[in-house]
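Below you'll find the structure, written out as structure tokens, and then a few comments.
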Ligand code: ATP
Ligand code: MG
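Numbering (UniProt numbering), first residue to last: 331 to 565.
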């Protein structure tokens, strides 16, 4: 398999088409999508609901493979990179946060035992979750319920950011939830995004204007096609 270089990674889509039904399906969710994102830059991915934004993100982590064309990361075809390496280098903070029935620690580290507890508690307190953690009966050993039931939407999102930080990714994909959060959570998330994006390549599917303002480049999808792409005029 191909080896990814260290550090921030470039992303390149070369005439990528995709449909969930496979090659002979008639409705393409992505149509001939091409763009290039240089290492360390932030791409704002915009488009109305159903335009294919989350689908594009899923191709990068190979939840699905392109029906046609090539998806490249760090210059390598994603299909040539070992799946463990690919997913180890990309952090996806998605609309639906995947929490499972396990301890807070295991939910955050995904069983990476080399991450020390004090690093976990530091990241949680940086995200404003110190009092949440303190209120748990067993701290990092507290079991979370599958699907994160018992957590507020804001807490679940902040935990997803914590998990993303801890994996020290080279590419961040942020599929921002459109739901409104309370101002305190919002401000913790703003800080979390700043910190998470610093020094990394990022694709942000943005709903909040404050998030869109962070983008260096913009790509707009409409019904799976790129309708606009280019450098954002700095506000
Ligand atoms: P939103 O802004 O609402 O999150 P989106 O731009 O992320 O929308 P996608 O989730 O990529 O849109 O969906 C693009 C199209 O693909 C939609 O028509 C959707 O119904 C379809 N789709 C998404 N996931 C699947 C799936 N697992 N199987 C079949 N079709 C799907
Ligand atoms: Mg989506």
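Virtual Cβ for every residue (Gly too), placed ideally from N, Cα, C.
Could you give the first and the last residue of the continuous alpha helix (DSSP H) run that contains residue i?
i, result
"residue 495", "483-496"
"residue 448", "447-456"
"residue 436", "434-439"
"residue 418", "413-419"
"residue 542", "539-542"
"residue 342", "Unbroken run through residue 342 is the beta strand (DSSP E), 341-348; no alpha helix (DSSP H)."
"residue 384", "383-390"
"residue 396", "Where residue 396 is concerned, there is no enclosing alpha helix (DSSP H), given that its DSSP letter is neither H nor E."
"residue 461", "460-465"
Using the Cα positions of residue i and residue j, report the straight-line distance between them to the nearest angstrom.
i, j, result
"residue 519", "residue 457", "7 Å"
"residue 565", "residue 373", "Unreliable positioning characterises residue 565 in this predicted model, as indicated by a pLDDT of 47, which lies under 50. The coordinate reading is nonetheless provided below. Straight-line Cα distance between these residues: approximately 15 Å."
"residue 466", "residue 439", "18 Å"
"residue 371", "residue 436", "31 Å"
"residue 418", "residue 497", "7 Å"
"residue 283", "residue 542", "Absent from the model: residue 283. The displayed extent of the chain is 331 to 565, so no value can be given."
"residue 561", "residue 471", "46 Å"
"residue 367", "residue 487", "26 Å"
"residue 429", "residue 546", "31 Å"
"residue 537", "residue 412", "32 Å"
"residue 512", "residue 556", "33 Å"
"residue 388", "residue 552", "17 Å"
"residue 558", "residue 378", "13 Å"
"residue 480", "residue 516", "20 Å"
"residue 392", "residue 423", "15 Å"
"residue 534", "residue 507", "11 Å"
"residue 499", "residue 521", "17 Å"
"residue 527", "residue 501", "9 Å"
"residue 566", "residue 369", "Limits of the chain in this structure are 331 at one end and 565 at the other, which puts residue 566 out of reach."
"residue 332", "residue 477", "34 Å"
"residue 452", "residue 427", "21 Å"
May I ask you to list the residues that DSSP assigns as paired with residue i?
i, result
"residue 534", "374 and 504"
"residue 567", "Examination of residue 567 is not possible in this model, given that the chain is present from 331 through 565 alone."
"residue 560", "548"
"residue 516", "DSSP lists no partner for residue 516."
Can you name the start and end residues of the beta strand (DSSP E) that residue i belongs to?
i, result
"residue 364", "360-367"
By C-beta, the residues closer than 5 Å to any heavy atom of the ligand ATP, given in chain order = 350, 359, 379, 380, 381, 382, 383, 384 and 385
request  = Examine the Cβ distances between the stretch 340-350 and the stretch 382-402 and report whether three or more of them are shorter than 8 Å.
outcome  = yes
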